[in-house]
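Those protein sequence lines, which keep their order, are chains Z and A.
Everything in the first sequence is counted per the working numbering, starting at 1 for the first residue and increasing by one.
Everything in the second sequence is counted per the working numbering, starting at 1001 for the first residue and increasing by one.
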Amino acid sequence: MNLIVEREKSLEALEARLADLRTRPGAADSGDLRALEDKYAQLARDIFGSLTPWERVHVARHPRRPIAPDYLACFDEFQELHGDRHFRDDPALVGGLAKLGGRRVAVLAQQKGRDTKDNIRRNFGMVAPEGYRKAKRLVELAGRFGLPIVSLVDTSGADPGIGSEERAQSEAIASSLLAFAKVPVPTVAAILGEGGSGGALAIALCDVVIMPEHSIYSVASPEGCAAILWGDAGRAEQAAARLKLTSEDLKGFGIVDEIVPEPLGGAQRDGPAFVLRVLERIERTLERLARQPVAELLAARHEKYRRIGAWHDELHRAVAAGT
Amino acid sequence: MPEWLRVRREHRAPADDATLWIKCPRCGELLYRKDLEANASVCVRCQYHFRMHAHDRITMLVDGDFVEIGNEIVPGDPLEWSDKRPYPQKLAGDREKSGLSEAVVTGFGTIGGFPIALGVMDFGFRGGTMGTVVGERIARLFEQATRRGLPAIVFTASGGARMEEGMLALMQMAKTTQAVDAHAQAQLPYITVLTDPTTGGVSASFAFQADVIVAEAHAAIGFAGRRVIEQTIRQKLPDNFQTAEFLLEHGHIDAVVARADLRVLLIRLLDYLVGARGNATLRSIPELSLV
């Protein structure tokens, strides 16, 4: 059950009344409409105004939150390229050549399903080794032909199944990371909904990481973290509160570079406009990165990830303190 | 010889209250502690490989001196984490229990005359999880190895990324990947020895980015933890699933090696990977310098 979906139900009655009132002639001038609109806005602020990390997890997983195909549909053009050349085509990771704002790019997208049937086919966006091998193949292709890379991240984590272990999930992710680390073209990642652990990072080691306000990006899913720490996935809310998985937290750590503000209550409340807003950010970022010489680009990428962390240097502290 | 290594080497006697007999978790054999230690912590009956302390591994491998680097880097508490206990308290407990400052020991030494950069992870410190310090030490090891033109050998043992450092822990996968890549681009060889257990973020980054990957016999190795998979598929997994032998059979690793043969294998590999270019001559071990 999605907390945000539940809350949206409490707005539905008001929304219906508003819609009804708006269709009446002369309603625009009546005080009734304005009063109802105010009431609606107030209620929306009350229930969506300040979301806790756990509530944001639910926004990120909202069934109507824009997903990869919504974004891909708004590229000028998308030519899908399939398969890892070894085993199979992973429907959880879609990739290909695309145009965005007139610019030729390579695009990779983790794709959740729209409904149960689609989700089963796409393994709920959990990518298998062959998906990461497809990603690596396309990253290398993009590098050879000077195509900037756009990575759309949306997964609860890499697939943890028997088959994925048999086909070396670890090696697939490790190799995708290596490919992203050295590819000599601009790379931009956007965390569309959920950025789950190594399965997300595998395609997000990019020059710039863009994050919609209510997306989450975490070392483990709150459920997984709670299971590891307390042996109880039911304590996910507590884990979410501790993991620092929100866009603001991650910007503070230097992991996320840009936050895209969302409509009150989440991107699903104004989906099409929101998709365009994110794509516009990606376009502008690519434009900026395209002006940088490749050597500078690679050095800056290296520096971004080299810096991340929190540690003390006891020796220098001792020296500084004169002890 | 560095002081800490001297301490490890000279005070081998277990504390008075330590058990003299240890039961093998695999075959149930009762093993006399001294015999077990004399046999590189391998069960004499069934060849079960016990997990080893990082310092014991280093002692077992290097010819003489080992110059540790990165020991001055210690973890912060960026998330101000607390679950059953606050994170700093957990760290203090593990430091006390393991005699280590973090889950990896990194430094330089020679093995069979070959100078190498060596990193050894220890499951006894926070389950070998990778937080900022593990990432930072591994990155510095590879950076120094690249500058000095040395091969790198890393022993992995890890439960994955460290929850208590959240995303900062996960991002160490990116940091270590970059350092490994720079080392590889300098045409320097890198060997990993996967030991029990190697999973999660460590498995999916520097453990599987090496030129040659070997695993200790029977070690559990995989991406997802066994319990996670069992919960996901709601059935029990076969016993050999995610073992070193399973990985060998599926083509993921170059060799499975018994601990007793490990040192000889590493020297042989170094001889091939370093020797063919004719630069296998012994170089001096870098001295520890205060930067």
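No residue lacks a Cβ here, since even glycine has one placed at the ideal position from N, Cα and C.
Beta-carbon separation (whole angstroms), residue i vs residue j, contact threshold 8 Å
i: Pro-222 (chain Z); j: Leu-243 (chain Z); result: 7 Å
i: Ala-1174 (chain A); j: Ala-1161 (chain A); result: Rounded, the Cβ-Cβ distance is 12 Å, inconsistent with contact.
i: Thr-1192 (chain A); j: Ile-1213 (chain A); result: 5 Å
i: Ile-1073 (chain A); j: Val-1133 (chain A); result: 5 Å
i: Leu-1100 (chain A); j: Ala-1054 (chain A); result: 6 Å
i: Ile-1229 (chain A); j: Ile-162 (chain Z); result: 7 Å
i: Arg-1227 (chain A); j: Gln-1242 (chain A); result: That pair is no contact at about 11 Å.
i: Val-294 (chain Z); j: Val-278 (chain Z); result: Going by Cβ atoms, the distance from Val-294 (chain Z) to Val-278 (chain Z) rounds to 26 Å, so no, they are not a contact pair.
i: Phe-87 (chain Z); j: Arg-167 (chain Z); result: 7 Å
i: Val-183 (chain Z); j: Ala-142 (chain Z); result: 7 Å
Host beta strand (DSSP E) of residue i (start-end)
i: Lys-99 (chain Z); result: 93–100
i: Glu-1230 (chain A); result: Per DSSP, Glu-1230 (chain A) belongs to no beta strand (DSSP E); it is in the alpha helix (DSSP H), 1226–1233.
i: Arg-7 (chain Z); result: Arg-7 (chain Z) -> not in any beta strand (DSSP E); alpha helix (DSSP H) instead, spanning 3–23.
i: Ser-151 (chain Z); result: 149–155
i: Pro-1197 (chain A); result: 1190–1198
i: Gly-1156 (chain A); result: Note on residue identity: the sequence assigns Thr, not Gly, to residue 1156 (chain A). It spans 1152–1158 - the beta strand (DSSP E) in which Thr-1156 (chain A) sits, taken as one unbroken run.
i: Asp-46 (chain Z); result: Careful: Asp-46 (chain Z) lies outside any beta strand (DSSP E), inside the alpha helix (DSSP H) at 31–48.
i: Leu-1091 (chain A); result: It is not in any beta strand (DSSP E) - Leu-1091 (chain A) instead sits in the alpha helix (DSSP H) that spans 1087–1098.
i: Thr-1059 (chain A); result: Thr-1059 (chain A) -> not in any beta strand (DSSP E); alpha helix (DSSP H) instead, spanning 1054–1061.
i: Asp-249 (chain Z); result: Counting along the chain, Asp-249 (chain Z) falls outside any beta strand (DSSP E), though it belongs to the alpha helix (DSSP H) covering 247–252.
i: Lys-1023 (chain A); result: 1021–1023
i: His-312 (chain Z); result: 311–313
i: Glu-77 (chain Z); result: 77–80
Enclosing alpha helix (DSSP H) for residue i [first to last residue]
i: Ala-1260 (chain A); result: 1259–1275
i: His-1049 (chain A); result: Taken as a continuous stretch (DSSP letters only), His-1049 (chain A) belongs to no alpha helix (DSSP H), as it is neither H nor E.
i: Pro-212 (chain Z); result: First-last for Pro-212 (chain Z): 208–212, but that is the beta strand (DSSP E), not the alpha helix (DSSP H).
i: Thr-1177 (chain A); result: 1172–1185
i: Ile-1121 (chain A); result: In the sequence as presented, Ile is not what sits at residue 1121 (chain A); that position holds Met. Careful: Met-1121 (chain A) lies outside any alpha helix (DSSP H), inside the beta strand (DSSP E) at 1114–1121.
i: Glu-171 (chain Z); result: 169–182
i: Ile-1213 (chain A); result: Where Ile-1213 (chain A) is concerned, there is no enclosing alpha helix (DSSP H), although the beta strand (DSSP E) it sits in stretches over 1212–1216.
i: Ala-1207 (chain A); result: Neither: Ala-1207 (chain A) is in no alpha helix (DSSP H) and is coded neither H nor E.
i: Asp-1254 (chain A); result: From DSSP, Asp-1254 (chain A) is part of no alpha helix (DSSP H); its letter is neither H nor E.
i: Arg-114 (chain Z); result: First-last for Arg-114 (chain Z): undefined, no H or E at that position.
i: Gly-1135 (chain A); result: 1132–1148
i: Glu-1102 (chain A); result: Segment: none, Glu-1102 (chain A) is in no alpha helix (DSSP H) and carries neither H nor E.
i: Phe-1066 (chain A); result: Per DSSP, Phe-1066 (chain A) belongs to no alpha helix (DSSP H); it is in the beta strand (DSSP E), 1066–1069.
Residue environment, residue i, which counts as buried when at least 16 other CB atoms sit within 10 Å
i: Met-1163 (chain A); result: buried
i: Phe-1142 (chain A); result: buried
i: Lys-1034 (chain A); result: exposed
i: Glu-1010 (chain A); result: Caution applies to Glu-1010 (chain A), whose pLDDT of 43 falls short of 50 and renders its modelled position unreliable; the model cannot decide the point.
i: Asn-1240 (chain A); result: exposed
i: Asp-1181 (chain A); result: buried
i: His-214 (chain Z); result: buried
i: Thr-1176 (chain A); result: buried
i: Gly-49 (chain Z); result: exposed
i: Ser-247 (chain Z); result: buried
i: Gly-309 (chain Z); result: buried
i: Met-1171 (chain A); result: buried
i: Gln-42 (chain Z); result: exposed
i: Ser-10 (chain Z); result: exposed
i: Glu-8 (chain Z); result: buried
i: Leu-1282 (chain A); result: Its pLDDT being 43, under 50, Leu-1282 (chain A) is placed unreliably by the model, and the measurement read from it follows with that caveat. Flag for Leu-1282 (chain A) reads exposed.
Proximity winner among the options, relative to residue i (alpha-carbon distances)
i: Leu-138 (chain Z); options: Z:Met-211, Z:Asp-76, Z:Gly-198, Z:Ser-175; result: Z:Ser-175
i: Val-1120 (chain A); options: A:Ala-1255, A:Asp-1239, A:Leu-1270, A:Leu-1194; result: A:Leu-1194
i: Asp-70 (chain Z); options: Z:Arg-284, Z:Ala-273, Z:Leu-289; result: Z:Ala-273
i: Ala-60 (chain Z); options: Z:Leu-315, Z:Ala-267, Z:Arg-306; result: Z:Ala-267
i: Pro-186 (chain Z); options: Z:Glu-6, Z:Leu-3, Z:Asp-89, Z:Val-105; result: Z:Val-105
i: Glu-12 (chain Z); options: Z:Lys-39, Z:Pro-25, Z:Arg-34; result: Z:Lys-39
i: Leu-108 (chain Z); options: Z:Val-150, Z:Arg-306, Z:Asp-32; result: Z:Val-150
i: Glu-80 (chain Z); options: Z:Asp-207, Z:Leu-72, Z:Leu-152; result: Z:Leu-72
i: Asn-119 (chain Z); options: Z:His-86, Z:Ala-68, Z:Gly-96, Z:Gly-95; result: Z:Ala-68
i: Glu-77 (chain Z); options: Z:Gly-95, Z:Pro-91, Z:Arg-64; result: Z:Gly-95
i: Phe-1066 (chain A); options: A:Pro-1115, A:Gly-1200, A:Arg-1147; result: A:Pro-1115
i: Ala-190 (chain Z); options: Z:Ala-220, Z:Ala-179, Z:Asp-154, Z:Ala-158; result: Z:Asp-154
The ligand SAM heavy atom lying under 8 Å from the CB of residue i
i: Val-1154 (chain A); result: With respect to the ligand SAM, the structure shown offers nothing to examine, as it has no ligands at all.
Task: Three CB pairs or more closer than 8 Å across the stretch 1126–1140 of chain A and the stretch 1100–1110 of chain A - done: With the cut-off at 8 Å, the stretch 1126–1140 of chain A and the stretch 1100–1110 of chain A touch.
Task: the stretch 124–138 of chain Z touching the stretch 193–204 of chain Z, judged by at least three CB pairs closer than 8 Å - done: The stretch 124–138 of chain Z, when compared against the stretch 193–204 of chain Z, does touch it at the 8 Å Cβ threshold.
Task: Segment contact, 8 Å Cβ cut-off, at least three pairs: the stretch 1247–1254 of chain A with the stretch 245–253 of chain Z - done: Verdict: no, contact absent.
Open item on the list: Contact between the stretch 1110–1124 of chain A and the stretch 1078–1093 of chain A is defined here as three or more beta-carbon pairs at a separation below 8 Å; is this criterion met?
Closed with: no
Task: Stretch-stretch touch, CB-based, cutoff 8 Å, three pairs: the stretch 273–288 of chain Z with the stretch 86–106 of chain Z - done: yes
TODO: Evaluate contact between the stretch 155–172 of chain Z and the stretch 1199–1213 of chain A, counting only Cβ atoms and requiring at least three cross-stretch pairs below 8 Å.
DONE: yes
Open item on the list: With a threshold of 8 Å, are at least 3 pairs of Cβ atoms found where one atom belongs to the stretch 1264–1275 of chain A and the other to the stretch 1144–1162 of chain A?
Closed with: yes
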